[in-house]
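Reading through the structure tokens given below for one structure.
Numbering (the numbering used here), first residue to last: 5 to 472.
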């Protein structure tokens, strides 16, 4: 293994070794706190090492590479993993989720995300995507005290098997046409001046497999049940991390795959349906988790708009929104996890007055709702502005108008949450302290939401150096 190979693979090795040591710690010492600390340190270490990797380095023998975008998302996924581990403590204690399996599985899931971010080989893409998804199968069903959690995990598994089948079939078609599993070679040989129908079918199957991870219509049916039943910190990781990894994969495909413009019509329909179905279904929800599940479908519809508008700077907009949406999801479901860990239910009625009894969690949840609604000066507003501006520059006026209108509709149901939080003082309840670590993570996530909205230039300038 060359030094370049090692520098690229080390974040993956740190996560894998951290997961194994966490499992061994549980088997030997039965000290769950030590295992969680070990897993958190491993995630942070992987992120810190990714910052030190040279700007452009590749390891063809491993099917990996580390450009600027890869480093950015590796750091993002690693630190998000650490944040989810910290935020899980209170929720898991309340729900009785014990054992070393939880932190170890989070690390294995992060391993899949980082592998996906670094992949330059179709086989590595498949393995990374399915490693990530397999971790979420386990995490979605890990709350043994809730039968609906096991049911949600099973639904996710069944839909995931279908998704994996599409992905594997698509990769096999591409290999038949290109004779290579290298991503760059596959793109060059299958999306040239004359696109082979078999190759186009292969790319379509690959995209279907990826769109399942994004919960795009019609591959969205698993989303409300999993969001409703899985542990709240897991949903934060699922919503922000796995979707961010899938968006990054699409961006990497689109940077060299102008031939995918042949799929514009189905992508247009998918974006349109996702924005409409997601927002209209969210209007009817009284369960906050199901509401956010349907809203995530709409949010990913906006990302597809950016991909369609890649000629207008849509890829940069999609990358920015992947980071912003990940932070917004962490803030929203992190706060929900803290509130549920204090005995709060999942309906909007249960959230009445929680902004007074839990000022930190309530305030952060309110900031996340404003951001998801696209209200300035938040990162959500900046991200949506970039997406719709890119659509207009690319001449996709219909998608831009529909996107703006559906985003305006979403303001209603997001503000319902804020109204419930501060509508009235919860009777007979006093303010509750949630701990220094959880307060710090939630506070930082809210701060980043505001800072990315007020000062997006640094991230955007970096993305301009990485994407067309």
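All residues carry an ideal CB built from backbone N, CA and C; glycine is no exception.
{"Item": "Alpha carbon of residue 375 to alpha carbon of residue 453, nearest angstrom", "Value": "7 Å"}
{"Item": "Residue 55, buried or exposed, once every other Cβ within 10 Å from all chains shown has been counted against 16", "Value": "exposed"}
{"Item": "Beta-carbon proximity check, residue 109 vs residue 143, cutoff 7 Å", "Value": "yes"}
{"Item": "Where residue 184 sits in the DSSP three-state scheme", "Value": "coil"}
{"Item": "Between the CA atoms of residue 427 and residue 474 - distance to the nearest angstrom", "Value": "Because the chain spans 5 through 472 in this model, residue 474 falls outside it and cannot be assessed."}
{"Item": "Endpoints, the alpha helix (DSSP H) within which residue 61 is located", "Value": "Element bounds for residue 61: not the alpha helix (DSSP H) but the beta strand (DSSP E), 61 to 63."}
{"Item": "Test item: CB-CB of residue 93 and residue 149 under 7 Å", "Value": "no"}
{"Item": "contact_flag[the region 352 to 372, the region 403 to 423] where n(CB pairs < 8 Å) is 3 or more", "Value": "yes"}
{"Item": "Close Cβ partners of residue 30 (< 8 Å) along its chain, the five nearest in sequence each way excluded", "Value": "36, 39, 103, 104, 105 and 108"}
{"Item": "Nearest-angstrom beta carbon gap, residue 391 and residue 279 [assumed within contact, 8 Å]", "Value": "Rounded, the Cβ-Cβ distance is 11 Å, inconsistent with contact."}
{"Item": "Residues that residue 291 bridges to, as DSSP identifies them", "Value": "351"}
{"Item": "Distance, residue 162 Cα to residue 268 Cα", "Value": "28 Å"}
{"Item": "Below-7 Å beta-carbon distance, residue 167 vs any chain B residue", "Value": "Of the chains in the structure shown, none is chain B; there is only one protein chain."}
{"Item": "Span of the alpha helix (DSSP H) around residue 404", "Value": "401 to 426"}
{"Item": "Check whether residue 310 and residue 302 have beta carbons under 7 Å apart", "Value": "no"}
{"Item": "Boundaries (first-last residue) of the alpha helix (DSSP H) holding residue 336", "Value": "318 to 344"}
{"Item": "Run of the alpha helix (DSSP H) containing residue 25, from where it starts to where it stops", "Value": "7 to 32"}
{"Item": "Cβ contact (3+ pairs, closer than 8 Å) linking the region 65 to 72 and the region 213 to 227", "Value": "no"}
{"Item": "Candidates 179, 18 and 177, of which the one nearest residue 112 by Cα", "Value": "18"}
{"Item": "Residues near residue 185 in its chain [Cβ-Cβ closer than 7 Å; skip 5 each side]", "Value": "125, 126, 127 and 179"}
{"Item": "Option in 337, 63 and 84 with minimal Cα separation from residue 51", "Value": "84"}
{"Item": "Collapsed DSSP secondary structure at residue 2 in the structure displayed", "Value": "Outside the modelled stretch of the chain, which goes from 5 to 472, sits residue 2, for which no answer is possible."}
{"Item": "Residue 68, DSSP secondary structure in three states", "Value": "strand"}
{"Item": "Closest Cα partner of residue 91 within the set 464, 439 and 470", "Value": "439"}
{"Item": "Residues bridged to residue 123 (per DSSP)", "Value": "68"}
{"Item": "Validate contact between the region 203 to 217 and the region 311 to 318 using beta carbons, cut 8 Å, 3 pairs", "Value": "no"}
{"Item": "Validate contact between the region 376 to 391 and the region 410 to 419 using beta carbons, cut 8 Å, 3 pairs", "Value": "yes"}
{"Item": "Whole-angstrom C-beta distance between residue 333 and residue 244, which should lie under 8 Å", "Value": "4 Å"}
{"Item": "Separation of residue 395 from residue 401, as counted between CA atoms", "Value": "7 Å"}
{"Item": "Secondary structure of residue 207, DSSP reduced to three states", "Value": "helix"}
{"Item": "Assigned secondary structure, residue 258 (DSSP; H/G/I helix, E/B strand, else coil)", "Value": "helix"}
{"Item": "For residue 128, three-class secondary structure by DSSP", "Value": "helix"}
{"Item": "Burial state of residue 475, where buried means 16 or more other Cβ atoms lie within 10 Å", "Value": "The question about residue 475 has no answer here: the residues shown for the chain are numbered 5 through 472."}
{"Item": "Three-state secondary structure (DSSP) of residue 170", "Value": "helix"}
{"Item": "Candidates 287, 329, 285 and 293, of which the one nearest residue 306 by Cα", "Value": "329"}
{"Item": "Buried versus exposed, by CB contacts within 10 Å (16 or more), residue 472", "Value": "exposed"}
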